[in-house]
Amino acid sequence: MASGVAVTAVGVGGALSVNASAEETAPETHAAAETCYTLTSELVEGPYYIDADKIRQDVTEDQEGIPLTLELKVIDADTCKPLRNAAVDIWHCSATGVYSGYESSGNGGGGPAPTGPPPSGTPTGEPPTGGPGGGGGGHQEPTDDDRFLRGTWHTDRHGHVTFKTIFPGWYQGRAVHIHTKVHVDGTWTDAGYEGGHTCHTGQFFFDEKSVLASAKVSPYFTNTTTRTTLTEDTIYPQNGHTGGLLYLKYDKKNIAKGVRAHLTMGVAPDETHDNTDTQPSTSASPSAS
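Quick note on the working numbering: the sequence shown kicks off at 139 and runs consecutively.
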């Protein structure tokens with residue numbers, strides 16, 4: 139999608155409606171504009187990105203899992219102005235740790251999704267390198283045509299975009315996460331989004347309490363893969379919401395009812411961050427977020 143590539147639209151249509159919370163719409167006020175907002179951490183793309191995804195807000199398809207509403211806001215970190223008509227991608231694994239387009243690779247690209255009772259105790263072992271567990275591993279070509287839990291949609295004039303999906307599962311070597319890209323300076327056409335460049339490549343993360351709660355729900359409890367916690371994850375930069383940690387709202391007694399997640403992403407629209415960054419850019423002054 140970045141660097142002049144085009145996206146073919148599938149299912150374009152429908153109005154975008156976002157009811158953002160006060161936390162998302164009103165970052166802290168600072169004395170000077172140059173300290174407006176902390177840049178969201180740039181992280182690796184991972185091996186399972188597929189360009190030309192479907193242009194849609196609801197990426198669930200027929201996947202089972204806890205309903206998740208993901209509300210995002212994209213702003214210029216220097217000015218705090220919203221980025222309108224930016225193209226935002228999300229993609230993540232299923233409740234049992236499988237990525238669409240790579241189903242033959244099984245759970246996280248490492249074999250068939252396991253079955254049985256949920257794991258217990260503290261996760262052990264070191265995450266693997268060179269594959270999804272290591273968060274890098276280079277790009278892998280898709281092995282099938284499925285595209286569930288993947289999609290692209292545009293931000294509105296306030297920088298908001300909302301996706302409907304499910305709470306992701308886990309696979310060996312990685313904490314629970316969602317991948318994202320933000321593309322700017324392109325053009326929305328009847329065919330989709332064309333041109334422009336990728337100004338942000340990142341990942342969203344979930345706190346331990348929510349993941350432990352999800353592990354008690356079907357079909358998550360069938361996944362016996364050793365789970366990596368947030369503090370053990372080698373990709374999460376351990377810097378809270380600036381690193382992609384989502385704000386979550388759900389019924390603590392019954393997470394199966396659904397989860398609402400939101401986050402503001404501070405990006406540098408004039409920069410290009412398409413895959414290999416591992417640290418936040420230093421072009422903007424840091425501030426609380």
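The C-beta atom is built at its ideal place from N, Cα and C for all residues, glycine as well.
Q: Indicate the three-state DSSP secondary structure (helix, strand or coil) for Lys391 in the structure shown.
A: coil
Q) Should Thr366 be labelled buried (16 or more other beta-carbon atoms within 10 Å of its own) or exposed? A) Buried: at least 16 other Cβ atoms inside 10 Å.
(Q) Please return the same chain residues whose Cβ sits closer than 6 Å to the Cβ of Lys387, not counting the five positions on each side in sequence. (A) Arg398
Q: Give the DSSP-derived three-state secondary structure of Val349 in the structure shown.
A: helix
**Q.** Bridge-paired residues (DSSP) for Ile304
**A.** Pro205
Q) Between Leu401, Gln201, Asp189 and Leu350, which lies nearest to Lys211 when the distance is taken from Cα to Cα? A) Of the residues Leu401, Gln201, Asp189 and Leu350, the one whose Cα lies closest to the Cα of Lys211 is Leu401.
**Q.** DSSP three-state assignment for Pro407, whether helix, strand or coil
**A.** coil
Q.
Taking its Cβ as the centre, do 16 or more other Cβ atoms sit within 10 Å of Ser242, making it buried, or is it exposed?
A. exposed
Q.
If distances are taken between C-alpha atoms only, which option among Val355, Phe343, Val314 and Gly235 comes closest to Thr178?
A. Phe343
**Q.** Own chain partners of Gly276 with C-beta closer than 8 Å, once the 5 adjacent residues on each side are dropped
**A.** Pro185
Q. Between the region 290–309 and the region 195–208, do three or more beta carbon pairs fall short of 8 Å?
A. yes
Q. Considering only residues of the same chain and omitting the five flanking positions on each side of Gly396, which have a CB-CB separation below 6 Å?
A. Pro205
Q | Check whether Pro111 and Gly297 have beta carbons under 8 Å apart | A | Since the first residue shown for the chain is 139 and the last is 427, residue 111 is missing from the structure and cannot be characterised.
Q | the region 344–355 touching the region 284–291, judged by at least three CB pairs closer than 8 Å | A | no
Q. What separation, rounded to the nearest whole angstrom, lies between the Cα atoms of Glu183 and His317?
A. 7 Å
Q: Tell me whether Glu180 sits in a helix, a strand or coil according to DSSP, three-state version.
A: coil
Q) Roughly how many whole angstroms lie between the Cα atoms of Thr281 and Glu409? A) 32 Å
Q) The beta strand (DSSP E) spanning Val355 covers which residue range? A) Segment: none, Val355 is in no beta strand (DSSP E) and carries neither H nor E.
Q.
Once DSSP output is grouped into helix, strand and coil, what is the label at Glu332?
A. strand
Q: State buried or exposed for Arg295, treating a residue as buried only when at least 16 other CB atoms are found within 10 Å of its CB.
A: exposed
Q: Assuming Asp214 contacts Val405 (C-beta within less than 8 Å), just tell me the rounded distance between them.
A: The pair is a contact, with the Cβ atoms about 7 Å apart (cut-off 8 Å).
**Q.** Endpoints, beta strand (DSSP E) assigned at Lys319
**A.** His315 to Thr327
Q: Round the Cβ separation of Ile188 and Gly239 to the nearest angstrom and send it over; I've been treating them as touching at under 8 Å.
A: Sure, about 5 Å apart at Cβ, within 8 Å.
Q | Residue range of the unbroken beta strand (DSSP E) whose run includes Arg222 | A | That residue, Arg222, is in no beta strand (DSSP E); it is neither H nor E in DSSP.
Q | Euclidean distance between Cα positions of Gln278 and Ala351 | A | Per the coordinates, the alpha-carbon of Gln278 lies some 32 Å from the alpha-carbon of Ala351.
(Q) For Glu332 and Trp326, I'd like the C-alpha separation in whole angstroms. (A) 6 Å
**Q.** Lys211 - partner residues in DSSP beta bridges
**A.** His298 and Thr402
**Q.** Assigned secondary structure, Gly381 (DSSP; H/G/I helix, E/B strand, else coil)
**A.** helix
Q. What number of angstroms, rounded off, separates the C-alpha of Val197 from the C-alpha of Thr217?
A. Their backbone Cα atoms lie some 31 Å apart in a straight line.
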